[in-house]
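In the numbering used here, the protein residues as written are 18 to 698. Inspection log for the structure reproduced underneath, given as structure tokens.
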Amino acid sequence: MDLESIPGVGEKTARALETLDDPERALQRGDVATVASAPGMSQGRAARIVRGAIRRQHDDPGGFLATDRARDVYRELLALLKARTVTDYAAQRLETIYPSPSRSRIEDVQAFARRAIDRECDSADVRTALGDVESLRTPGDVRVRERCLATTDAERYSTAREAIPELSVEIVEDAQGLAELARGYSTVIALDESFAGVTIDGDVQVRPDALENPADVVPERPLAFYARNRTRLQAAIEVHREADLEPACDLDALEDGLSRLEADGTVAGDDELDRLTVAVDDLDTAAGAAESVANDRLREAIQAQDVTIEGSDLLSLVERGAGVDSLLSRELADEYATAVDAAREHLIDALELDSGEAEIARRAFSDEPTFPVERDEETISRLREDLTATKERRAGRLKRELAADLADQREDARRLVRDALELDVELAIARFASEFECTMPTVVDPADLDGERSAGFAIDGGRSPLLEESLEAIDPVDYEVSGVALLSGVNSGGKTSTLDLVASVVVLAHMGLPVPAEDVEVRRFDDLHYHAKTQGTLDAGAFESTVREFADLAQGGEGSLVLVDELESITEPGASAKIIAGILEALSENGATGVFVSHLAGEIREMADYDVTVDGIEAVGLVDGALEVNRSPVKDHLARSTPELIVEKLADEAAEEPVAANGGRPAESPVFYDRLLEKFD
18 MDLESIPGVG EKTARALETL DDPERALQRG DVATVASAPG MSQGRAARIV RGAIRRQHDD
78 PGGFLATDRA RDVYRELLAL LKARTVTDYA AQRLETIYPS PSRSRIEDVQ AFARRAIDRE
138 CDSADVRTAL GDVESLRTPG DVRVRERCLA TTDAERYSTA REAIPELSVE IVEDAQGLAE
198 LARGYSTVIA LDESFAGVTI DGDVQVRPDA LENPADVVPE RPLAFYARNR TRLQAAIEVH
258 READLEPACD LDALEDGLSR LEADGTVAGD DELDRLTVAV DDLDTAAGAA ESVANDRLRE
318 AIQAQDVTIE GSDLLSLVER GAGVDSLLSR ELADEYATAV DAAREHLIDA LELDSGEAEI
378 ARRAFSDEPT FPVERDEETI SRLREDLTAT KERRAGRLKR ELAADLADQR EDARRLVRDA
438 LELDVELAIA RFASEFECTM PTVVDPADLD GERSAGFAID GGRSPLLEES LEAIDPVDYE
498 VSGVALLSGV NSGGKTSTLD LVASVVVLAH MGLPVPAEDV EVRRFDDLHY HAKTQGTLDA
558 GAFESTVREF ADLAQGGEGS LVLVDELESI TEPGASAKII AGILEALSEN GATGVFVSHL
618 AGEIREMADY DVTVDGIEAV GLVDGALEVN RSPVKDHLAR STPELIVEKL ADEAAEEPVA
678 ANGGRPAESP VFYDRLLEKF D
């Protein structure tokens, strides 16, 4: 796949995508999580790129939503779906599901949606676990400073720097240069086989194959990935358990590996490593405390001791320049030895040193009497170096062991998180389908149509999800249209809501998703043109633009669904009827499907040169001043207007009450109302 052929992908973005293991596969399956893991890629941008790749894969030209109102309906439906997600990923992933005229795309999403509807794992525990699941992230630059690579070859030097950027790479000329490196690094890894058999102090490893096994040389690389994503992976494990999903890997083994890893990438749970770490960190403090132990004991001994020095002895000490050390050696030798032993034991016990380390620690305090007692800094430094080297060697071994356990699970771990995130997408669709009592529609391909089947749409028991009322408060609507129809009806009778229902059903069906109805069959349309009601009469320029738009649509309208709400509001009623009649004629001739809501249905039908279908949302009557309406349009029926219903009500009341109830006023004559009613015929 030529990545730069995808809309929104330039040279720089293509290079970022190429860092993925299999970018083409990720794009084809709509894997926003994997695409978002490319360098510098956000989830939102990944979703847009995936959407472009899907369009390219299904040869989708785009533009299904051909008008502002059509796009508004899609955005409102998408918002309802996204409101039912838990993760940001699922909300972004839903944006890759869009209305398409492509048969293959619709069928792909339908298969996904059917699996979603069949899910039976939507619970509070699953949603709680999903709350901590996020797309996995590649850690930033990992640098390891206590280890280095060494080589005598300049070409191998360049290869090593590229293959293992986490470590410093040094050029040496001979074994002496290697020995010098060993004094500055805890571990030196020699890449040249020529160093095999050379004896050098320190941890020097001859590994000619090191570049072929980077994870063994720098286990921090895989461990950094798991450390950065530990919380995400643990949450994904919990999702799989709560939802009873088939995992991509052994959950217990992965969980055990994660439990052995600290957030900073170090190994957790090893008592010996913990001991060495504490010993290194606390060495100076413990040495200072050991000095205090010795000096406190000496002070007590000196204070309790009566020392008698004869004049000849004092003269001798003065002549030799002797000081208190000599006095200690002569008078308090035993007490000094006891104090120093106490200091040594304190240092050993405080740091929990083993026998070898304790041997060095004992040399930190001299047997030669002195006051105050002071540690030997050179010995303390040597102890620190030995402890640090031992700690690093053990940490390195533990890291290699843990990295070996986890390295092969990296792709499975990615899939584990991806499956958890995709579950959130599925559950959002399932919740939408359940809450709006949806069903999977039958999308009929135009090539499969015959003369006896509908070329438009048929909706049974539909309820518009765009209404703000509860589902129980919405009357179900049955409506079927083949060709172009006019929809008449009383004000506030639900004509606009019916158009919204049709638009919602068609948009969701072309997204491949369930629709809010008991049963739906819809033709696979090329595009949707939904024109909302215009507020006020248009000026000449806007009117001309609107007419041009319908002219273009009339020329190529086959395969289009056209929904128009009261087009007569764009100009004078008389002219509107003529214009709408002409538009209907052109659309009908070109095989388009359309519903035009109009209060001028009778006039339009009279002006059209063919038998225009007129459907009506009929008001049953007025009850306490409010309309009682049958929300399902009646086929081939011109609905009565609200004024007609009011006049009819007044005529009935006048006929039933010959005498006015108020003060004996003369009775109203039904003749006047009857004459008005005749005007509606």
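Beta carbons: idealized from backbone N, C-alpha and C, even for Gly. Predicted model only: the values in this text are computed from it and were never measured.
N- and C-terminal bounds of the alpha helix (DSSP H) containing residue i
i: R88; result: 85-99
i: Y106; result: 105-111
i: Y243; result: 237-245
i: A625; result: Run containing A625: none; DSSP gives neither H nor E here.
i: I134; result: 120-134
i: D403; result: 394-424
i: V52; result: 49-53
i: H363; result: 350-368
i: Y174; result: 171-180
i: D233; result: 231-234
i: R65; result: 60-74
i: V143; result: 141-147
i: R200; result: 192-201
Residue i versus residue j - alpha carbon distance
i: V539; j: A280; result: 53 Å
i: Y496; j: I476; result: 5 Å
i: E583; j: D139; result: 43 Å
i: V90; j: P116; result: 11 Å
i: I319; j: S372; result: 32 Å
i: L370; j: A265; result: 44 Å
i: L293; j: E272; result: 26 Å
i: E35; j: P231; result: 21 Å
i: D691; j: A594; result: 27 Å
i: Q109; j: G529; result: 17 Å
i: C455; j: S505; result: 27 Å
i: A50; j: D632; result: 48 Å
i: I66; j: S481; result: 31 Å
i: P389; j: E374; result: 25 Å
i: K99; j: L440; result: 14 Å
i: V501; j: G148; result: 48 Å
i: D209; j: I71; result: 49 Å
i: T176; j: R432; result: 32 Å
i: F689; j: A618; result: 26 Å
i: R417; j: R410; result: 11 Å
Cβ neighbour criterion (16 or more within 10 Å) applied to residue i
i: Q74; result: buried
i: N246; result: buried
i: G27; result: exposed
i: E585; result: buried
i: S509; result: exposed
i: D2; result: Any property of residue 2 remains undetermined from this structure, which presents the chain solely from 18 to 698.
i: L15; result: A query on residue 15 cannot be resolved here, the shown segment of the chain reaching from 18 to 698 and no further.
i: E385; result: exposed
i: Y106; result: buried
i: T216; result: exposed
Beta-carbon contacts of residue i that lie in its chain and below 6 Å, excluding the five residues immediately before and after
i: P24; result: G69
i: S211; result: none
i: A421; result: none
i: M457; result: P531
Proximal residues to residue i (C-beta, below 8 Å), its chain only, five neighbours per side dropped
i: G57; result: A33
Own chain residues within Cβ distance below 7 Å of residue i, not counting five before or after
i: R136; result: E443, L444, A447
i: V297; result: R401, L404, T405, K408
i: P156; result: A241, F242, R245
i: V150; result: T104, R249, A252, A253, V256, V434, A437, L438
i: E391; result: E308
i: V235; result: V161, I181, E183, L184
i: V704; result: This structure leaves residue 704 out entirely; the chain is present only between 18 and 698.
In DSSP terms, what residue i is bridged to
i: I634; result: G506
i: G611; result: V501, V579
i: T456; result: V532
i: R540; result: V461
i: L278; result: V284
i: S185; result: C165
i: L545; result: L82, L578
i: F449; result: DSSP lists no partner for F449.
i: V494; result: G479
i: V651; result: G633
First and last residue of the uninterrupted beta strand (DSSP E) at residue i
i: I476; result: 474-479
i: D220; result: 220-223
i: I587; result: From DSSP, I587 is part of no beta strand (DSSP E); its letter is neither H nor E.
i: V205; result: 204-207
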